[in-house]
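To start, the structure under review is shown below, and the notes come after it.
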Amino acid sequence: MVIRMPMRFLEWILPWRKWLGNKSEGIAAKVLASKGYIILARNWSCKLGELDIVARYKDTVVFVEVRSKSCDHTMVAAESVGRDKQIKLSRAAAAFIRSYKLQGNSFRFDVIAVAWKKNSSTPDLAHHENAFEFIS
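The numbering of the sequence shown is our numbering, which starts it at 31 and goes up by one.
Pasting the structure below:
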């Protein structure tokens, strides 16, 4: 069964989702910077995919996937990074590493989950370090 959404609904929801994602990524970048991370890139993309945030923390290159949801639990957002997405992120990260000649550096994948509660202008945020391994 195919459900067709009225065009007016899609015209409203798609920009809202993009706005929410951009706002969440901005908050995530600020939190990372406050923890001592150096932001190397935001929304870096290539033909293999997009990386929300690439940062350096001490001697480690960190690829950060930011997930935002309109819900009360950050775990829902974090769990939404499935295996297919992990593969896509791994491929994009490998391209980033090649592009900037970062072979030999240690790296990891983090997920920052941002949960926007109803009637609240401040989200809950959870930083999951080393959330998944590189998948080739």
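Ideal Cβ placement from N, Cα and C applies to all residues, glycine included.
Per DSSP, reduced to three states, the secondary structure at K148 is coil, with no helix or strand assignment. Under a 10 Å Cβ-count criterion, P45 is classified as exposed, with fewer than 16 other Cβ atoms of the shown protein chains found around its own Cβ. If only uninterrupted alpha helix (DSSP H) runs of at least 4 residues are considered, those enclosed by the stretch 49-115 are 104-108. A residue is called buried when at least 16 other Cβ atoms come within 10 angstroms of its Cβ; R97 meets this threshold and is buried.
Here the alpha carbons of N149 and L132 stand approximately 43 Å from one another. Restricting attention to W49, R47 and S54, the CA atom closest to the CA of A156 is found in S54. Between the alpha carbons of G79 and D114 lies a distance of about 12 Å.
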